[in-house]
Amino acid sequence: MIEEKIKQILEKEIKPMLKLHLGSLDFVGFENGVVSVRFQGTCKGCPLSNLTLKTGIEALLKEKIPAVEKVEAVD
Numbered sequence: 000m001i002e003e004k005i006k007q008i009l010e011k012e013i014k015p016m017l018k019l020h021l022g023s024l025d026f027v028g029f030e031n032g033v034v035s036v037r038f039q040g041t042c043k044g045c046p047l048s049n050l051t052l053k054t055g056i057e058a059l060l061k062e063k064i065p066a067v068e069k070v071e072a073v074d
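Here's what the structure looks like:
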């Protein structure tokens, strides 16, 4: 249930923003309050991806889903 809500937010709110910069991300998993994502396209290796991860993606998911404590990028 929580995973589906996370996926929905990523698809509808996060991915469109990333596509503006020719990037994307994939949902990898959710365990023990931690959401794992994998950056794709120009986001992969971008020096600002950590800023996007923390101030954009993590902040939004934590606001909308209280069970989310952290978002991390995996390779």
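Quick note on numbering that gives the first Met the number 0: the sequence shown kicks off at 0 and runs consecutively.
We put the CB at the ideal spot given by N, CA and C, even for glycine.
| Item | Value |
| --- | --- |
| Relative to the alpha-carbon of Val-70, which residue among Leu-17, Glu-10, Gly-40 and Glu-30 has its alpha-carbon at the smallest distance? | Glu-30 |
| Let me know the secondary structure DSSP gives Glu-3 once reduced to three states. | helix |
| Could you name the residues of the same chain whose beta carbon sits closer than 8 angstroms to that of Lys-6, not counting the 5 residues immediately before and after it, in chain order? | Phe-26 |
| State the beta-bridge partners of Gly-22 as determined by DSSP. | Gly-40 |
| Would you identify the three-state DSSP class for Glu-57, choosing helix, strand or coil? | helix |
| Report back the beta-carbon spacing between Ile-13 and Leu-21 to the nearest angstrom; my notes put them in contact at under 8 angstroms. | Going by Cβ atoms, the distance from Ile-13 to Leu-21 rounds to 15 angstroms, so no, they are not a contact pair. |
| Looking only at DSSP bridge pairs, what is Gly-28 linked to? | Ser-35 |
| Helix, strand or coil for Glu-10? Go by DSSP, reduced to three states. | helix |
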